[in-house]
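Let me begin by presenting the structure, written as structure tokens, before commenting on it.
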Amino acid sequence: GAGVSQSPSNKVTEKGKDVELRCDPISGHTALYWYRQRLGQGLEFLIYFQGNSAPDKSGLPSDRFSAERTGESVSTLTIQRTQQEDSAVYLCASSSALASRWAQYFGPGTRLLVL
Amino acid sequence: GEDVEQSLFLSVREGDSSVINCTYTDSSSTYLYWYKQEPGAGLQLLTYIFSNMDMKQDQRLTVLLNKKDKHLSLRIADTQTGDSAIYFCAETDGGTASKLTFGTGTRLQVTL
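Protein chains in written order, with the numbering used here: chain S, 1 to 115; chain D, 116 to 227.
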């Protein structure tokens, strides 16, 4: 596609439920990133995937958070047993060495609200 | 760890120039970026600068980098109401795929 897409755009869930967020990167981009943005704050890095290398999971806040990526395409971020503090906008980005020297291009985000 | 700081708010009149400032601590930063976020939207890449450059100009945007002071600025000439948004600076220490460390964002308000 022309840009990074994410789904759903909004998700409301009850505390304790699991959620899955999806990201479709720009075609051909080998690197994919997940960030979290709490209300009124900057972005916190969560995890990134680059090609066939092991993902950098150093930003995941707890073991309730996990992510997978199939090859160089779609990624899903899973949050298990959601808590109210997980409420945030989850942003996905992708990049490539050929596209502005690894500059990251962001999707519109998934706004998650945990009640 | 890396730290990136920005002032929270800037108000300018339409037609004036805006200067948004950013300081960072990581001396190994290789690329520095400016992103724009409009209400309810994702982040839009505005421009970026490599650490061996002092300045980059792109239409109304001018980026200045003082590597000695670890200071980055974004100047928007002839600021328009459509420039009202939150502006984030970000840095990465990698020449390849690497996480970005973001500042807290500067809210730019353009008044008539």
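Just so it is clear, CB atoms sit at the ideal spot from N, CA and C, and this is done for glycine as well.
Quick caveat: nothing in here was measured; it's all calculated off a predicted structure.
Check: Chain D contact residues for S:Asp24, given Cβ-Cβ distances below 7 Å; Outcome: Correct list: empty, because the minimum Cβ distance to chain D is about 13 Å.
Check: Contacts of D:Lys182 in chain S (Cβ-Cβ under 8 Å); Outcome: What D:Lys182 touches in chain S: nothing, since even the nearest Cβ is about 18 Å away.
Check: Sheet register partners of D:Lys182 (DSSP bridge); Outcome: Looking at the DSSP assignment, D:Lys182 forms no beta bridge with any residue, so it has no partner.
Check: Beta-carbon gap between S:Tyr90 and S:Leu112 smaller than 8 Å; Outcome: yes
Check: Member of S:Ala31, S:Glu68, S:Ser87 and S:Gly3 whose CA lies at the smallest distance from the CA of S:Lys15; Outcome: S:Ser87
Check: Inter-stretch contact (C-beta, 8 Å, three-pair minimum) for the stretch 148-160 of chain D and the stretch 198-210 of chain D; Outcome: yes
Check: Coarse secondary structure for D:Asp198, derived from DSSP in three states; Outcome: helix
Check: Listed by chain order, chain D residues near S:Gly107 by CB distance under 7 Å; Outcome: Gly157
Check: Residue-level contact to chain S via CB, D:Tyr163, 8 Å cutoff; Outcome: yes
Check: Contacts that D:Leu223 makes with chain S (C-beta to C-beta distance below 7 Å); Outcome: The premise fails here: D:Leu223 is roughly 15 Å from chain S at the closest Cβ pair, so nothing lies under 7 Å.
Check: Sufficient close CB pairs (3 or more, under 8 Å) joining the stretch 177-197 of chain D to the stretch 20-35 of chain S; Outcome: no
Check: Cutoff 7 Å; reference S:Ser66; Cβ partners in own chain excluding five residues on either side; Outcome: Thr78
Check: Three-state secondary structure assigned by DSSP to S:Asp56; Outcome: strand
Check: Start and end residues, beta strand (DSSP E) containing D:Thr145; Outcome: Where D:Thr145 is concerned, there is no enclosing beta strand (DSSP E), given that its DSSP letter is neither H nor E.
Check: Cβ pair count under 8 Å reaching 3, the stretch 133-147 of chain D against the stretch 165-176 of chain D; Outcome: yes
Check: Separation of S:Glu72 from D:Pro154, as counted between CA atoms; Outcome: 30 Å
Check: Inter-residue spacing [alpha-carbon to alpha-carbon] between D:Leu161 and D:Gly220; Outcome: 14 Å
Check: Closest residue to D:Thr177 among D:Ser213, D:Ala156, D:Ser133 and D:Gly157 (Cα-Cα distance); Outcome: D:Ser133
Check: Boundaries (first-last residue) of the beta strand (DSSP E) holding D:Leu125; Outcome: Phe124 to Arg128
Check: Within chain D, partners of S:Ala67 - CB distance below 7 Å; Outcome: Those within 7 Å of S:Ala67 in chain D number zero; the least Cβ separation is about 13 Å.
Check: Residue range of the unbroken beta strand (DSSP E) whose run includes D:Met170; Outcome: Met170 to Asp173
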